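There are 2 protein chains.
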Amino acid sequence: MTKITIIGSGLMGSAIAFPLADNGHDVRLVGTHLDRAIISSCKERQFHPKLRRELPAVVRPFYIEELSQAMEGTEVVVGGVNSHGVHWLGQTLAAHLRPEHLLISITKGMEAGADGEVRILPDVLAAELPANVRTCVSPAAVGGPCIAGELAGRRQTCVVFGARERATLDRLAPLFRTAYYHVWTTTDLVGLEISAALKNAFALGVGLVSGLLEAAGGPDSAGAYMHNTAAGIFAQGCTEIERVLTLAGSKTSFASGLPGPGDLYVTSMGGRTVRLGKLLGAGYTFDQASQKLAGETLESVDIVRAMAHAIPHWQAENRLGPRELPLLRMLIEVIVEGKPIRLPMQDFAWQEAAQAEGVGSLT
Amino acid sequence: MTKITIIGSGLMGSAIAFPLADNGHDVRLVGTHLDRAIISSCKERQFHPKLRRELPAVVRPFYIEELSQAMEGTEVVVGGVNSHGVHWLGQTLAAHLRPEHLLISITKGMEAGADGEVRILPDVLAAELPANVRTCVSPAAVGGPCIAGELAGRRQTCVVFGARERATLDRLAPLFRTAYYHVWTTTDLVGLEISAALKNAFALGVGLVSGLLEAAGGPDSAGAYMHNTAAGIFAQGCTEIERVLTLAGSKTSFASGLPGPGDLYVTSMGGRTVRLGKLLGAGYTFDQASQKLAGETLESVDIVRAMAHAIPHWQAENRLGPRELPLLRMLIEVIVEGKPIRLPMQDFAWQEAAQAEGVGSLT
C-alpha cells in the first residue's frame, strides 16, 4: 500500500484514482480552487459530479486548503491539473515536495518559450520547484489514448508512462497497473509529451471534416460521407507528429503506437476538440466558435498557438523547410490568424518529392 | 487523352473511372460475369446501381464478352476485381495484354503460398500472364484510404500508387491525379500491399469493440463507451502492420502515413469488415456471423486465414517469436479456430520487455 496524493480533481485527475484505489493504495484527491463544488460533493456523498460516479471508498477528498494534511506521509504525487494550471501546481507544490517524492503529471500540452523552443509540461512544472527538489524529483508523465470517463468506468485502457530515468518508471508503473489499465513505459519523455500535445491539434484537423461535410449539406444523394478526407488528414497528422518529434529532439518513433495514432484515434472520436473543429469546418470563424464553446478548456488551441511560435524559430534556424508541416500551418492560419479553412491536400502531395530525396517519411 | 480499360465494374473499379473521366481520358468499363446487371444498367441509362450514381458520359460500359472491343487501342489496364477474382483476371488478360501495356490493380488482399510465404496480389496476377508479357508488364497497385462511394462523389481523397519501377509510377500517377484525387507514389510495392491487406484484419479488431460494448449493455450508467479499448487495438494494429512488413521483406515504414494508420482509420469507420467485427464482438461465433453476412465479400477473413499460414512458417524459421503479433493471433483463434474473443491487452504489454531490448517499435 502506497500513499498517493492527486492534485486536481477534474475528470482525469479523479479517474486515475480508480486504478490506484483498486490496487489498494491510500489515495487522497485534492481539488484546486476551481474544484470546490466537486470536493464538496465528494466529501458529502463520495459522488463525483463531473465523472457522474461514486468514487471508490478508499479515495479521500480534500480542499486545496487541506493540502498539508493530504500530503502527510505521501510517497507519490500525481499532478492532475489542466494545462493552464501547471505553473500554479509547481508553485503550490514547491513548499510541499521533498526530494524523496515521486511525481507524475497527467496534464497534456506544451508551451513555446520566448526563444521559440517547445517546452514539455513536466519541465515547465519542474522549473517552478526549488533547486534541491528539482534535481531529485524528475516528473514523469502519462501519454496514450485515455478518455477519463472510460478509465473511471474500468474500460480496457492502454497508456504509456514516460520519464527520463528508467528507475522512476520501474517504481511508478506497478502502482498503477490493473487488469484494465495497461501501462507501457518509455524513457523518451519528450517524444511522449510532444505526441500527447500534438494529437490535440490534429484531432482538431480531423474534426474540421465533420464541419465541412455539414457545410456541404451532409452526405450527398448517393450517401457519400467524407471519411476519405478525414483519413487523409489523420495520416498527415501522424506524419507531422513524427516530423515535429525530430525537431523537438525526440530520439524515437511513436508512429505505430499508442502515443501517435492511438491517441489521435481516440481524440478524433469526439469531445471538445472535435466540437471546435466541427464548428470551424462548418464555417464559423475561430472567434465565433470559441464563443460557442465558452468555458471549455481548449488544449488544441494552446498547442496550435505554441506551434505558431515554434515553426518560425525552426525555420529561421534552417531546421525546417518552408513547405513542411502544411497541416499545422493551415491550423495556425485558422486559429491564430482567423483565416478560413483551406484543405492543404496539394501541399501534402508536395512531400512526395521530399520523400524521394529521403526528407519525408512516407516512401 | 489516354485509352484506359477497367476490368471489374464493382464499387471500386467503377469509382476509379470518375477521376479518369474528369481528366478527359477514353475510359472503358468492363463488367465481369458477376457484373452483368450493373453493365446492363450502365448501357441502358449510364446509371451504376451499386454506386447509385450516373457514370460520367465518357465512360463506356462493356460486357465481358466484349472485352476485345474494350481493349482496342488501349494503353492502360486497370484491374478492378475483388480479391477472389485475381487469378481469373490474370487468366483472362493473358490473351489480351501486350508488353507495352501499363497494368494497375486496385484489388486489396494477399495470399499465403503452400510454403507459408505471403504473396501480394499484383504478383499473383502477374504469375498468370504469359512469360513475354510478365517480364515487361509489372503490375502497379493502389493503397491508402479510399472508400469507393466517396471517390465517385469526388470527395477529397489521398492514396498511394505502388510499383517496383519508378518509371511505371511516373507514367501512371499523372493520368489519375485530379483536384480531389491526390496520388502519392512508392516503389515499396510489397509494403504497400501488405499494409492494404492487413488493415482489413485490424479494422475487424477495432470492430470487435463495438460488439463487446453492445454485449456489455452499451455505455454504462455514467456514459462510458469503449473508445479507449478501440484505440488500444488500433495502435496495436499499426504496430503489428509494421512488424509484418519487416517479415514480408518491406524496406520502408508506413507507420505514420496513408497506407498504415490512414487506411486503418477509414476502414474502421464502417463497412462490412466492421459489421463482421461487431457481430463477433457481440458474441456470435464466426460461423453464425458469416451466415448473417452471407453474400458479402469478407476480405478481412481471407487476410486472417493467410496469416494463419504465414505465422507458423515465420516462427519455424525463427523469424518471429512465439508471443509476437498477439492481436493477429487472437483474430486467427476467432476466425480460423472458432474460439471466443479474448482481448489480448496483457500480451500487448509483453512487448514492453521486447522493446527495451530493441525488438519492438514502441520505445
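In order, the protein sequences belong to chains A and B.
No gaps in the numbering here: position 6 of the first sequence is 59 in my numbering, and each next residue is one more.
No gaps in the numbering here: position 276 of the second sequence is 329 in my numbering, and each next residue is one more.
Quick reminder that beta carbons are idealized off the backbone N, C-alpha and C, glycines included.
If you're wondering where the values come from, they're calculated on a predicted model, not measured in any experiment.
Per-residue contacts from residue i into chain A (C-beta, under 7 Å)
i: C199 (chain B); result: N281
Residue burial classification, residue i (beta-carbon count within 10 angstroms, cutoff 16)
i: F401 (chain B); result: buried
i: T188 (chain A); result: exposed
i: G63 (chain B); result: buried
i: M398 (chain A); result: buried
i: A123 (chain B); result: buried
i: M54 (chain B); result: exposed
i: R376 (chain B); result: exposed
i: R372 (chain B); result: exposed
i: G348 (chain B); result: exposed
i: D273 (chain A); result: buried
i: R151 (chain B); result: exposed
Any C-beta of chain B under 8 Å from that of residue i
i: Q209 (chain A); result: yes
i: L225 (chain A); result: no
i: E405 (chain A); result: Any reading at E405 (chain A) is ruled out, since the residue's pLDDT is 49, under 50, leaving its predicted position unreliable.
i: A194 (chain A); result: no
i: S417 (chain A); result: Residue 417 (chain A) is absent from the structure shown; chain A starts at 54 and stops at 416.
i: G411 (chain A); result: Note that G411 (chain A) has pLDDT 40, beneath the 50 cutoff, so the model's placement of it is unreliable and the number below is only indicative. Not one chain B Cβ lies under 8 Å of G411 (chain A).
Span separating the alpha-carbon of residue i from that of residue j
i: V297 (chain A); j: I247 (chain A); result: 8 Å
i: A201 (chain A); j: Y116 (chain A); result: 21 Å
i: P72 (chain A); j: G330 (chain B); result: 29 Å
i: Q368 (chain B); j: R208 (chain B); result: 43 Å
i: K161 (chain B); j: K103 (chain B); result: 19 Å
i: V387 (chain B); j: V389 (chain A); result: 49 Å
i: V112 (chain B); j: I60 (chain B); result: 13 Å
i: A342 (chain A); j: T282 (chain A); result: 22 Å
i: A193 (chain B); j: V236 (chain B); result: 13 Å
i: H362 (chain B); j: D340 (chain B); result: 20 Å
i: E170 (chain A); j: A301 (chain A); result: 8 Å
i: H140 (chain B); j: M163 (chain B); result: 12 Å
i: T231 (chain A); j: V195 (chain A); result: 15 Å
i: L225 (chain B); j: S303 (chain B); result: 22 Å
i: L378 (chain B); j: V190 (chain B); result: 35 Å
i: R98 (chain B); j: L82 (chain B); result: 14 Å
i: A288 (chain B); j: Y318 (chain B); result: 11 Å
i: L396 (chain B); j: L261 (chain B); result: 9 Å
i: T221 (chain B); j: L228 (chain B); result: 12 Å
i: P114 (chain B); j: T350 (chain B); result: 23 Å
i: P312 (chain A); j: L245 (chain A); result: 6 Å
i: G413 (chain A); j: A180 (chain B); result: Note that G413 (chain A) scores 35 on pLDDT, short of 50, meaning its location in the model is unreliable; the coordinates nonetheless yield the value given after this. Rounded to the nearest angstrom, the two C-alpha atoms are 34 Å apart.
i: T145 (chain A); j: E203 (chain B); result: 53 Å
i: H86 (chain A); j: T305 (chain A); result: 38 Å
i: T338 (chain A); j: M383 (chain A); result: 14 Å
i: A184 (chain B); j: A147 (chain B); result: 10 Å
i: R89 (chain A); j: G276 (chain B); result: 24 Å
Residue i at chain A interface by Cβ criterion, 8 Å
i: V131 (chain B); result: no
i: S414 (chain B); result: No answer about S414 (chain B) holds up, because its pLDDT of 36 lies below 50 and its placement is not dependable.
i: Y318 (chain B); result: yes
i: F401 (chain B); result: yes
i: G202 (chain B); result: yes
i: E295 (chain B); result: yes
i: G276 (chain B); result: yes
i: T292 (chain B); result: yes
Contacts that residue i makes with chain A (C-beta to C-beta distance below 9 Å)
i: E26 (chain B); result: Look at the range of chain B in this structure, 54 to 416, and you will see that residue 26 (chain B) is not part of it.
Partner residues on chain A for residue i, Cβ-Cβ distance less than 8 Å
i: D273 (chain B); result: G206
i: C189 (chain B); result: The contacting residues do not exist; C189 (chain B) stays about 24 Å from chain A at best.
Neighbouring residues, chain B, relative to residue i (Cβ below 8 Å)
i: L311 (chain A); result: A284, G285, A288 and L415
Partners in chain B for residue i, counting only beta-carbon separations shorter than 7 Å
i: M322 (chain A); result: H280
i: G315 (chain A); result: A284, G285, F287 and A288
i: A369 (chain A); result: What A369 (chain A) touches in chain B: nothing, since even the nearest Cβ is about 26 Å away.
Amino acids of chain B, ordered along the chain, whose beta-carbon sits closer than 9 Å to that of residue i
i: H235 (chain A); result: G285, M398, Q399, F401 and A402
*Along the stretch 80–111 of chain B, what residues have a CB closer than 8 Å to any CB found in chain A?*
Residues of the stretch 80–111 of chain B whose Cβ lies closer than 8 Å to any Cβ of chain A, in chain order: L104, R105 and R106.
*Using a beta-carbon distance cut-off of less than 7 Å, what residues from the stretch 384–397 of chain A approach chain B?*
L396
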